[in-house]
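Have a look at the structure below before the remarks.
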Amino acid sequence: MSLRRRGEPKQANGFASGRSNGHANGRLRGQQEVLSPTDAKTDHSRWRLRDTNGVHTWHYLESDEQVAAWPQSAAELHYLGQDTGAPPLPKATTPLQAAENGIAFYERMQLPTGHWGAEYGGPMFLMPGYVITCYVTESRFSQAEETEMIRYLFSVQNLGAKN
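Residues in the sequence shown are numbered from 0 upward in steps of one, following numbering that gives the first Met the number 0.
This is the structure:
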């Protein structure tokens, strides 16, 4: 599964389970292609977050040498859904202990520049413009970017009855 390039046929929408959601996308009902869930994913141990003056960019490291030279931080591991290796926090029994646990967690997530990186839900807001811009300029995504964009969209899709 990949982004559609100019001249390529449209693909039908579908659920991650592989069943169609009924949107024909230019095809008659019954003749649509159904997207199946993607098992493709990148090696999350190769992603690194670069922070340049508050501008965050993710970089996929292709070689083992690059991976060895740039270890992942606890924040990167957390954002990627990986085990950070941090010891578990004690169960809070008071509001003060809960606040202390929160501070301890956010201390681990603080980037070297002193702030915290956050998704803010931006991909759903920004991704369409990014994809359209790349389509218009005939720019290509790297295979790693394409794979993770597809995984992200499948992970946040609304599986409600009206889809």
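For every residue, glycine included, the Cβ atom is placed at its ideal position computed from N, Cα and C.
Item: Would you tell me roughly how many angstroms separate the C-alpha atoms of residue 110 and residue 126, rounded to the nearest one?; Value: 24 Å
Item: Looking at the secondary structure, which residues open and close the beta strand (DSSP E) in which residue 82 lies?; Value: Segment: none, residue 82 is in no beta strand (DSSP E) and carries neither H nor E.
Item: What number of angstroms, rounded off, separates the C-alpha of residue 116 from the C-alpha of residue 68?; Value: 22 Å
Item: Once you ignore the five residues that flank residue 73 on each side, which residues in its own chain have a CB closer than 8 Å to its CB?; Value: 83, 84, 85, 107 and 108
Item: Taking all protein chains shown into account, decide if residue 76 is buried (16 or more other Cβ within 10 angstroms of its Cβ) or exposed.; Value: buried
Item: Run through DSSP, which three-state label would residue 88 get?; Value: coil
Item: How many angstroms separate the CA atom of residue 149 from the CA atom of residue 133?; Value: 15 Å
Item: Distance, Cα to Cα, residue 136 vs residue 155?; Value: 27 Å
Item: Which two residues bound the contiguous beta strand (DSSP E) that contains residue 42?; Value: Unbroken run through residue 42: none, as it is neither H nor E.
Item: Once you ignore the five residues that flank residue 66 on each side, which residues in its own chain have a CB closer than 8 Å to its CB?; Value: 44, 45 and 60
Item: Three-state secondary structure (DSSP) at residue 48?; Value: strand
Item: Tell me which same chain residues have a C-beta within less than 8 Å of the C-beta of residue 105, skipping the five on either side of it?; Value: 115
Item: Give me whichever residues DSSP pairs with residue 136 in a beta bridge.; Value: None; residue 136 has no bridge partner.
Item: Write down the C-beta distance between residue 56 and residue 49 rounded to the nearest angstrom, noting that I regard them as a contact closer than 8 Å.; Value: 5 Å
Item: Using alpha carbons as the reference points, say which of 143, 144 and 151 lies closest to residue 124.; Value: 151
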